[in-house]
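I have placed the structure first, in the form of structure tokens, so that the comments after it can refer back to it.
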Amino acid sequence: MTPDEALRRQVARYRGMTGEERLRIALDLHELSCDLARAGIRRQHPQADEAAVEELLRQRIAAARS
């Protein structure tokens with residue numbers, strides 16, 4: 001299967017889903033990306049407690065939006 005064919009199939013599957021199903025996928029992907037970012041923050045700041053990790057994550061998200 002080529003990348004273009006895989007993309008077409010994926011889009012076709014998304015179109016067959018309800019809005020709720022697509023939203024669930026988007027929220028799951030968002031949570032996964034936040035978990036990965038938290039892991040990177042913990043690796044960069046091993047001394048940080050959970051509150052500090054969450055604050056650094058918020059800062060990263062804010063920086064990405066601007």
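Going by this note's numbering, the sequence shown opens with residue 1, and the numbers climb by one from there.
Backbone N, C-alpha and C fix where the C-beta goes; we use that ideal spot for every residue, glycine too.
Is residue 57 near residue 37, with beta carbons less than 8 Å apart? Yes, the pair counts as a contact, with Cβ atoms nearer than the cut-off.
Output yes or no for whether 8 Å exceeds the beta carbon distance between residue 42 and residue 53. Contact flag set, yes.
For residue 47, does the three-state DSSP call read helix, strand or coil? Residue 47 falls in the coil class under three-state DSSP.
Rounded straight-line distance, which links the Cα of residue 62 to that of residue 10: Going by the C-alpha atoms only, they are around 30 Å apart.
Nearest residue (CA-CA) to residue 64, options 45, 26, 34 and 17: With distances taken between Cα atoms, residue 64 lies closest to 34.
Cβ neighbours of residue 30 in the same chain (closer than 8 Å, five flanking residues each side left out): Once the five neighbours on either side are set aside, residue 30 has no close Cβ partner at all.
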